[in-house]
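Asks: First residue of the sequence shown? That's 3 in the numbering used here, and the numbers climb one at a time after it.
Think of the CB as a built atom: it goes at the ideal place given N, C-alpha and C, for glycine as much as any other residue.
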Amino acid sequence: MTQLIKIIPGNIDYVALKKCADLLKKGKLVVLPTETVYGLGANALDQEAVEGIFKAKGRPPDNPLIVHVSDYEILQMIVKKIPKNAVKLMEKFWPGPLTIIFEKKEIIPRNVTCELNTVAIRMPSNMIAIELIRLSGVPIAAPSANISGNISCTSAADAMDELNGKVDAIIDGGDCDLGLESTVVDVTSSTPHLLRPGAVTLEQLKSVLGKVDIANPDANQPRCPGMKYRHYAPHTPLILAAADDEAGITAKIEKKARQLIEHKKKIAILCSEELSQELSSQVKDNADLLVLCSRKDLRPLAAHIFHEMRRLDKKGYDFMIIGSWPEEGIGRAIMNRLRKAAAKII
Ligand code: TXA
Ligand code: MG
3 MTQLIKIIPG NIDYVALKKC ADLLKKGKLV VLPTETVYGL GANALDQEAV
53 EGIFKAKGRP PDNPLIVHVS DYEILQMIVK KIPKNAVKLM EKFWPGPLTI
103 IFEKKEIIPR NVTCELNTVA IRMPSNMIAI ELIRLSGVPI AAPSANISGN
153 ISCTSAADAM DELNGKVDAI IDGGDCDLGL ESTVVDVTSS TPHLLRPGAV
203 TLEQLKSVLG KVDIANPDAN QPRCPGMKYR HYAPHTPLIL AAADDEAGIT
253 AKIEKKARQL IEHKKKIAIL CSEELSQELS SQVKDNADLL VLCSRKDLRP
303 LAAHIFHEMR RLDKKGYDFM IIGSWPEEGI GRAIMNRLRK AAAKII
């Protein structure tokens with residue numbers, strides 16, 4: 003049985019939250035809200051509890067977990083050293099949507115890091131998450147709270163859909179502010195590497211660190227093991243129409259949508275305000291348009307894209323279509339997720 007426990011972010015019920023912290027201490031699985039996506043949490047020092055995460059998610063055994071901490075004391079307990087670059091990043095971006103790779107101490111069980119000698123660590127800014135970790139007194143391992151390969155969850159209801167019966171409790175702390183998983187950066191070597199783009203952008207990382215390389219997810223030995231898996235996939239095939247400019251994107255979507263409409267397919271188009279005005283009435287009358295943002299500000303798109311893909315996935319569409327977005331700022335993270343979610347890129 004999975005208990006659903008509602009906690010109001012601005013007015014935390016500490017009795018209820020303590021109950022969740024006690025569950026974590028006892029080796030149970032608790033889904034928690036963070037500012038990025040919901041996480042499937044367990045005591046990171048308890049090998050058996052961590053095993054439970056892999057089981058509940060059906061996660062491949064070679065994809066290591068992110069460990070969440072509430073303060074620097076816990077951090078020092080679990081990492082061998084704190085490089086200068088990590089200090090700079092922590093000062094600027096913690097607590098927040100940035101995961102940093104450190105050399106790990108023995109205290110972290112092998113299954114958390116899948117035998118790697120490094121560990122991924124993040125201090126979340128969501129108050130419920132921080133307070134839960136603090137009350138539990140241990141670091142919390144938490145991958146995104148979804149069955150492996152599915153879209154991450156940005157609300158407790160979405161997490162319930164995925165994990166009901168598989169975890170002990172789900173904390174409902176409202177919708178996630180950012181909606182995409184954290185940025186992952188490796189500072190264990192002299193040149194920092196961006197392993198996964200997120201809400202802390204490459205531009206922001208460069209402003210703090212100077213040079214930052216982007217890890218190649220296609221390399222034989224991916225530095226970020228999770229990058230090699232297809233991820234974030236809705237069940238309804240998602241078509242990604244990619245072009246360098248708006249005119250090119252509009253033309254591709256218009257053409258594809260017309261073809262599908264002619265073949266009597268039921269389609270949804272996820273788009274910007276600008277694109278919704280460019281499409282022909284033939285397409286608008288025969289497809290469902292979902293306007294998610296203006297091209298001038300992609301943050302609402304980042305915040306809602308996963309939830310909207312989940313919602314549309316239940317509506318029996320034959321296809322979903324989305325255009326590409328400028329690969330700068332948060333757009334880089336959005337495009338990273340869309341490429342993995344897409345059944346086809348045109
Ligand atoms: O925003 C987030 O990061 C969310 C919330 C819950 O904090 N968590 C999350 O976890 O997205 P997950 O497991 O879905 O993604 C973790 C990523 C994976 O791509 C994994 O391969 C990478 O972090 N990772 C974990 N440990 C690593 C390590 N030691 N070295 C390199 N990459 C690592
Ligand atoms: Mg994930």
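If you draw a straight line from the alpha carbon of Pro-2 to that of Leu-294, how long is it in whole angstroms?
Replies: An answer regarding residue 2 cannot be provided, because it is not within the stretch 3 to 348 covered by the chain.
Asks: For a test of the three-state rule: what should DSSP assign to Lys-87, helix, strand or coil?
Replies: Mapped onto the sequence shown, residue 87 falls at position 85. In the sequence on display, residue 87 carries Asn and not Lys. Helix, per DSSP.
Asks: Go ahead and label His-70 buried or exposed: buried means 16 or more other beta carbons lie within 10 angstroms of its beta carbon, across all protein chains shown.
Replies: In the sequence shown, counting from the first residue as 1, residue 70 sits at position 68. It is buried - the Cβ of His-70 has at least 16 other Cβ atoms within 10 Å.
Asks: Given a cut-off of 7 Å, decide if Val-186 and Pro-194 are closer than it, judged by their beta-carbon atoms.
Replies: Residue numbering aside, residue 194 sits at position 192 when the sequence shown is read from its first letter. Residue numbering aside, residue 186 sits at position 184 when the sequence shown is read from its first letter. No, Cβ-Cβ distance for Pro-194 and Val-186 is not below 7 Å.
Asks: Within 10 Å of its beta-carbon, does Gly-54 have 16 or more other beta-carbons around it, so buried, or fewer, so exposed?
Replies: Along the sequence shown, one-based indexing puts residue 54 at 52. Buried.
Asks: Examine the ligand MG and report whether any of its heavy atoms sits within less than 6 Å of the Cβ of Pro-62.
Replies: If you number the sequence shown from 1, residue 62 lands on position 60. For the ligand MG, not one heavy atom lies less than 6 Å from the Cβ of Pro-62.
Asks: Who are the Cβ neighbours of Pro-126 in its own chain at under 7 Å, not counting the five residues just before and after it?
Replies: As a position in the sequence shown, residue 126 is number 124, starting the count at 1. Answer for Pro-126: Thr-36, Glu-37, His-70, Pro-97 and Ile-132, listed in chain order.
Asks: Can you look up Leu-291 in the DSSP assignment and give me helix, strand or coil?
Replies: To locate residue 291, count along the sequence shown from 1; it is residue 289. If DSSP states are grouped into helix, strand and coil, Leu-291 belongs with the strands.
Asks: Measure the alpha-carbon distance for Glu-275 versus Ser-296 and round it to whole angstroms.
Replies: In the sequence shown, the residue the question calls residue 275 occupies position 273. In the sequence shown, the residue the question calls residue 296 occupies position 294. Spanning the two alpha carbons is a distance of roughly 5 Å.
Asks: Go through its chain and collect everything with a Cβ distance to Val-210's Cβ below 7 Å, but skip five positions before and after it.
Replies: Counting from 1 along the sequence shown, the entry for residue 210 is found at position 208. These residues qualify, in order along the chain: Lys-90, Leu-91 and Lys-94.
Asks: Excluding the five sequence neighbours on either side, which residues of its own chain have a C-beta within less than 6 Å of the C-beta of Ile-110, listed in chain order?
Replies: Position 108 of the sequence shown, counted from the start, is the residue given in the question as residue 110. For Ile-110, where only same-chain residues beyond five positions count, the Cβ hits under 6 Å are Ile-80 and Val-121.
Asks: Any heavy atom of the ligand MG closer than 6 Å to the Cβ of Pro-66?
Replies: Numbered from its first residue, the sequence shown carries residue 66 at position 64. No, the Cβ of Pro-66 stays beyond 6 Å of every heavy atom of the ligand MG.
Asks: Which residue wins for smallest C-alpha separation from Asn-119, given the options Lys-82, Met-129 and Leu-100?
Replies: In the sequence shown, residue 119 corresponds to position 117, counting from 1. It is Lys-82 whose Cα lies nearest to the Cα of Asn-119.
Asks: Note down the Cα distance separating Gln-279 from Gln-5, rounded to an integer number of angstroms.
Replies: Along the sequence shown, one-based indexing puts residue 279 at 277. Along the sequence shown, one-based indexing puts residue 5 at 3. Taking the straight line from one Cα to the other gives about 45 Å.
Asks: Where does Thr-115 fall in DSSP's three states?
Replies: For the purposes of this step, residue 115 is taken as residue 113 along the sequence shown, with counting starting at 1. Thr-115 falls in the helix class under three-state DSSP.
Asks: Taking only heavy atoms of the ligand SAM into account, decide whether any of them is closer than 6 Å to the Cβ of Glu-183.
Replies: Absence of the ligand SAM is noted for the structure shown, with the ligand TXA and the ligand MG being the only ligands found.
Asks: Does the Cβ of Gly-41 lie closer than 6 Å to at least one heavy atom of the ligand TXA?
Replies: Counted from its first residue, the sequence shown places residue 41 at position 39. Yes, the ligand TXA has a heavy atom inside 6 Å of this Cβ.
Asks: The ligand MG heavy atoms versus the CB of Ser-72: any closer than 6 Å?
Replies: To locate residue 72, count along the sequence shown from 1; it is residue 70. The answer is no for Ser-72.
Asks: Between the C-alpha atoms of Phe-308 and Ala-270, what's the straight-line distance to the nearest angstrom?
Replies: Indexing the sequence shown from 1 puts residue 308 at position 306. Indexing the sequence shown from 1 puts residue 270 at position 268. Spanning the two alpha carbons is a distance of roughly 15 Å.
Asks: Check whether the Cβ atoms of Val-32 and Ala-147 lie closer than 7 Å to each other.
Replies: As a first step, residue 32 is located in the sequence shown; it is residue number 30 there, counting from the start. As a first step, residue 147 is located in the sequence shown; it is residue number 145 there, counting from the start. No, Cβ-Cβ distance for Val-32 and Ala-147 is not below 7 Å.
Asks: Which same chain residues, not among the five before or five after Thr-101, have their C-beta less than 6 Å away from its C-beta?
Replies: Walking along the sequence shown from the start, residue 101 turns up at place 99. Cβ neighbours of Thr-101 beyond the five flanking positions: Ile-68, Ala-122, Arg-124, Ser-184 and Val-186.
Asks: To the nearest angstrom, how far is it from the Cα of Asn-85 to the Cα of Asn-218?
Replies: Numbered from 1 along the sequence shown, position 83 holds the residue referred to as residue 85. Numbered from 1 along the sequence shown, position 216 holds the residue referred to as residue 218. The residue asked about is misnamed: residue 85 is Pro in this sequence, not Asn. So the alpha carbons of these two residues sit roughly 23 Å apart.
Asks: Taking Lys-182 and Ala-335 to be in contact with their CB atoms under 8 Å, please state how far apart those CB atoms are, rounded to whole angstroms.
Replies: As a working mapping, residue 182 is identified with position 180 in the sequence shown. As a working mapping, residue 335 is identified with position 333 in the sequence shown. Just to set this straight, residue 182 is Leu in the shown sequence, not Lys. Confirmed, about 5 Å.
Asks: Around the Cβ of Arg-112, are there at least 16 other Cβ atoms within 10 angstroms (buried) or fewer (exposed)?
Replies: Translated into positions along the sequence shown, residue 112 becomes position 110. With fewer than 16 other Cβ atoms within 10 Å, it is exposed.
Asks: Checking contacts by CB at 7 Å: is Glu-330 closer than that to chain B?
Replies: Looking for chain B here will not work: only one protein chain is present.
Asks: The alpha helix (DSSP H) that contains Ser-138, what's its start and end?
Replies: Counted from its first residue, the sequence shown places residue 138 at position 136. Taken as a continuous stretch (DSSP letters only), the alpha helix (DSSP H) holding Ser-138 covers 129 to 138.
Asks: Under a Cβ-count criterion, where at least 16 other Cβ atoms within 10 Å of its own Cβ denotes burial, should Met-3 be classed as buried or exposed?
Replies: Translated into the one-based positions of the sequence shown, residue 3 becomes position 1. Burial call: exposed.
Asks: According to DSSP, is Lys-346 helix, strand or coil?
Replies: Position 344 of the sequence shown, counted from the first residue, corresponds to residue 346. Looking at Lys-346 - three-state DSSP - the assignment turns out to be strand.
Asks: Could you spell out where the alpha helix (DSSP H) holding Val-32 opens and where it closes?
Replies: For the purposes of this step, residue 32 is taken as residue 30 along the sequence shown, with counting starting at 1. Here Val-32 belongs to no alpha helix (DSSP H); instead the beta strand (DSSP E) covers 32 to 34.
Asks: Less than 7 Å between C-beta atoms, sequence neighbours within five positions excluded: which residues of the same chain meet that for Pro-99?
Replies: Sequence index remark: in the sequence shown, residue 99 carries index 97 (1-based). For Pro-99, where only same-chain residues beyond five positions count, the Cβ hits under 7 Å are Glu-37, Thr-38, Leu-180, Ser-184, Thr-185, Gly-200, Ala-201 and Val-202.
Asks: With a cut-off of 8 Å on the beta carbons, I'd call Leu-281 and Glu-256 a contact; round off their distance for me.
Replies: What you label residue 281 is simply residue 279 of the sequence shown in a count that begins at 1. What you label residue 256 is simply residue 254 of the sequence shown in a count that begins at 1. Their Cβ separation, rounded to whole angstroms, is 6 Å, which keeps Leu-281 and Glu-256 in contact under 8 Å.
Asks: Measuring from the CB of Ser-146, is there a heavy atom of the ligand MG at a distance below 6 Å?
Replies: As a position in the sequence shown, residue 146 is number 144, starting the count at 1. Yes, since a heavy atom of the ligand MG falls inside the 6 Å radius drawn around the Cβ of Ser-146.
Asks: Indicate whether Asp-315 and Pro-239 have their beta-carbon atoms separated by less than 7 Å.
Replies: In the sequence shown, the residue the question calls residue 315 occupies position 313. In the sequence shown, the residue the question calls residue 239 occupies position 237. In this structure, Pro-239 does not lie closer than 7 Å to Asp-315 by Cβ.
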